[in-house]
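Residues are numbered in this note's numbering as their position in the sequence shown, beginning at 1, plus a constant of 14.
Quick reminder that beta carbons are idealized off the backbone N, C-alpha and C, glycines included.
No experiment lies behind these values; they were computed from the predicted model shown.
Just below is one structure, and these are the notes that go with it.
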Amino acid sequence: MNLVQDKVVIITGGTSGIGLCATKIFIENGATVSIFGKTQEEVDTTIAELKELYPDKEVLGFAPDLTKREEVMAAVSTVAQKYGKLDVMINNAGITSNNVFSRVSEEEFKTLIDINVIGVFNGAWAAYQCMKERKEGVIINTASVTGIYGSLSGIGYPTSKAGVVGLTHALGREIIRKNIRVVGVAPGVVNTPMVGGMPKEILEGYLKTFPMKRMLEPEEIANTYLFLASDLASGITATTISVDGAYRP
Numbered sequence: 015m016n017l018v019q020d021k022v023v024i025i026t027g028g029t030s031g032i033g034l035c036a037t038k039i040f041i042e043n044g045a046t047v048s049i050f051g052k053t054q055e056e057v058d059t060t061i062a063e064l065k066e067l068y069p070d071k072e073v074l075g076f077a078p079d080l081t082k083r084e085e086v087m088a089a090v091s092t093v094a095q096k097y098g099k100l101d102v103m104i105n106n107a108g109i110t111s112n113n114v115f116s117r118v119s120e121e122e123f124k125t126l127i128d129i130n131v132i133g134v135f136n137g138a139w140a141a142y143q144c145m146k147e148r149k150e151g152v153i154i155n156t157a158s159v160t161g162i163y164g165s166l167s168g169i170g171y172p173t174s175k176a177g178v179v180g181l182t183h184a185l186g187r188e189i190i191r192k193n194i195r196v197v198g199v200a201p202g203v204v205n206t207p208m209v210g211g212m213p214k215e216i217l218e219g220y221l222k223t224f225p226m227k228r229m230l231e232p233e234e235i236a237n238t239y240l241f242l243a244s245d246l247a248s249g250i251t252a253t254t255i256s257v258d259g260a261y262r263p
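Right under this line is the structure:
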């Protein structure tokens, strides 16, 4: 069963990690997917790779500055106008930092908030403009386990992801009257290139502290997106789903 058959989907941060994995899974489940990436070159490279995997599927790609509403709106509108609708917006893009409170600069903190919170806000805002008349749609925001429990190191990232949780819950309650669901997903530690770049000995020691004794795989997060985007999750909104393997920072 294709859970998102014929749905039009946008995935930010769709060129690598969880976002790229989600792009593939949504395509394989019948969706028409467009991706946002950091640079157009990065986007074009990913689209070429996807074309080889799915030669019969069209994937549009854009590189808007997520902190600028007009750029995000222009890209989202292009997708919605081309396909006649927008069903699902996955605000997955984000950045991280482990700088502790005593060392984080104001500029670094602000950048984390700009990308991780303002970027999600702008993606949700643009998606809402394309969904409200049809009174149908799903907005999925990527939070983090650190946004719920905090972190032993790094103040900016947990703060920004807590902002995503708050935005998700408030927006979900506000726009459900338009039959638009808003759901957050809070991953734990996921086997992405960013985490995989850690020294082996440090990573192995780190994993011993995990209840599952392993990292989560990108597919486990992407499959959660898939379920939440589908009609099977029609009663889920204004909440955040933890996918963390019982890990607590």
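Between residue i and residue j, is the Cβ-Cβ spacing less than 7 Å?
{"i": "Ala140", "j": "Val86", "result": "yes"}
{"i": "Val272", "j": "Ser158", "result": "With the chain running from 15 to 263 in the structure shown, residue 272 is simply not present."}
{"i": "Tyr220", "j": "Ile154", "result": "no"}
{"i": "Val264", "j": "Phe50", "result": "Given a span of 15 to 263 for the chain in the structure shown, any question on residue 264 remains unanswerable."}
{"i": "Val23", "j": "Val57", "result": "no"}
{"i": "Gly27", "j": "Asn106", "result": "yes"}
{"i": "Ala200", "j": "Pro225", "result": "no"}
{"i": "Thr182", "j": "Gly202", "result": "no"}
{"i": "Ile292", "j": "Val134", "result": "The displayed coordinates of the chain run from 15 to 263. Any statement about residue 292 would go beyond what the structure contains."}
Any beta carbon from chain D within less than 7 Å of residue i's own beta carbon?
{"i": "Lys99", "result": "Absence of chain D from the displayed structure is noted, only one protein chain being present."}
Return helix, strand or coil for residue i, following the three-state DSSP convention.
{"i": "Asn106", "result": "coil"}
{"i": "Ile154", "result": "strand"}
{"i": "Arg195", "result": "strand"}
{"i": "Ser174", "result": "helix"}
{"i": "Gly75", "result": "strand"}
{"i": "Val204", "result": "strand"}
{"i": "Ser256", "result": "strand"}
{"i": "Tyr142", "result": "helix"}
Could you pull the start and end residues of the beta strand (DSSP E) that residue i belongs to?
{"i": "Val23", "result": "Val22 to Thr26"}
{"i": "Ser48", "result": "Thr46 to Phe50"}
Assuming residue i is part of the alpha helix (DSSP H), what are its boundary residues?
{"i": "Leu67", "result": "Gln54 to Leu67"}
{"i": "Thr37", "result": "Gly31 to Glu42"}
{"i": "Thr238", "result": "Pro232 to Ala243"}
Could you tell me the distance, in whole angstroms, from the CA atom of residue i to the CA atom of residue j?
{"i": "Cys144", "j": "Ser167", "result": "39 Å"}
{"i": "Glu122", "j": "Tyr171", "result": "10 Å"}
{"i": "Gly75", "j": "Phe115", "result": "37 Å"}
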